[in-house]
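**Q**
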Amino acid sequence: MRLAYRAYKNSIKPELRLPGLDLTDDQLFFVGMSHFHCGLFSEDSALFRLRTDTHAISEFRVIGTMSNSRDFAEAFNCPVGSPMNPEEKCEIW
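For the sequence shown, UniProt numbering assigns the number 1 to the initial residue and increments by one for each residue that follows.
#1: Quick one, are the C-beta atoms of His-26 and Ala-75 less than 7 angstroms apart?
#2: Going by C-alpha distance, which of Arg-70, Val-80 and Asn-77 is nearest Ile-92?
#3: By Cβ distance below 7 angstroms, which residues in the same chain neighbour Phe-29 in space, the five residues on each side in sequence not counted?
#4: Please report the Cβ distance between Arg-51 and Phe-41, rounded to the nearest whole angstrom; I am assuming they are in contact, meaning their Cβ atoms lie under 8 angstroms.
#5: Short check: CB of Asn-85 to CB of Cys-78, under 7 angstroms?
#6: According to DSSP, simplified to helix, strand and coil, what is Asn-85?
#7: Classify Ser-67 as helix, strand or coil using the three-state DSSP reduction.
#8: My guess is that His-37 and Arg-61 are in contact by the Cβ rule of under 8 angstroms, so how many angstroms apart are they, rounded?
#9: Suppose you measure from the CA of residue 96 to the CA of Gly-64; what does that come to, to the nearest Å?
#10: Look at Glu-87 and Val-80 and say whether their C-beta atoms are less than 7 angstroms apart.
And the structure:
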């Protein structure tokens, strides 16, 4: 995600904000990244995915990725030590 964010920052031009949408361009980037993983699953489907999919469930893929992103914490002003901005981060990419 860090590479995607850097590419985004290098290509973005200031845009007018949409009326009623009180999010910055950076916040919209992270909302868009999170939205990619949105979905509703039945309990049976979720259990099947837990048993067969090599990836973490979507909720944890989003929370895990975003909570380990310094850029996310900065964009949303998450206090250091909060659930979405832990003091120790796991930075892989």
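Heads up, the beta-carbon is just placed ideally off N, CA and C, and yes, glycines get one too.
**A** Inspection of the coordinates gives the following:
#1: Taking the sequence shown and counting its residues from 1, the one referred to as residue 26 is at position 26. Taking the sequence shown and counting its residues from 1, the one referred to as residue 75 is at position 75. In the sequence as presented, His is not what sits at residue 26; that position holds Asp. Yes; because the gap between Cβ atoms is below 7 angstroms, this pair is in contact.
#2: By one-based count along the sequence shown, residue 92 stands at place 92. Selected option, being the one with the closest Cα: Arg-70.
#3: Indexing the sequence shown from 1 puts residue 29 at position 29. The answer, listed in chain order, is Tyr-5 and Tyr-8.
#4: As a working mapping, residue 51 is identified with position 51 in the sequence shown. As a working mapping, residue 41 is identified with position 41 in the sequence shown. Not a contact, Cβ separation roughly 13 angstroms.
#5: Sequence index remark: in the sequence shown, residue 85 carries index 85 (1-based). Sequence index remark: in the sequence shown, residue 78 carries index 78 (1-based). Taking 7 angstroms as the Cβ cut-off, Asn-85 and Cys-78 qualify as a contacting pair.
#6: As a working note, residue 85 is residue 85 in the sequence shown. In the structure shown, the three-state DSSP call for Asn-85 is strand.
#7: Translated into positions along the sequence shown, residue 67 becomes position 67. Helix, per DSSP.
#8: As a working note, residue 37 is residue 37 in the sequence shown. As a working note, residue 61 is residue 61 in the sequence shown. So it is a contact: roughly 6 angstroms between Cβ atoms.
#9: The question about residue 96 has no answer here: the residues shown for the chain are numbered 1 through 93.
#10: As a position in the sequence shown, residue 87 is number 87, starting the count at 1. As a position in the sequence shown, residue 80 is number 80, starting the count at 1. Yes, these two residues count as a Cβ contact at 7 angstroms.
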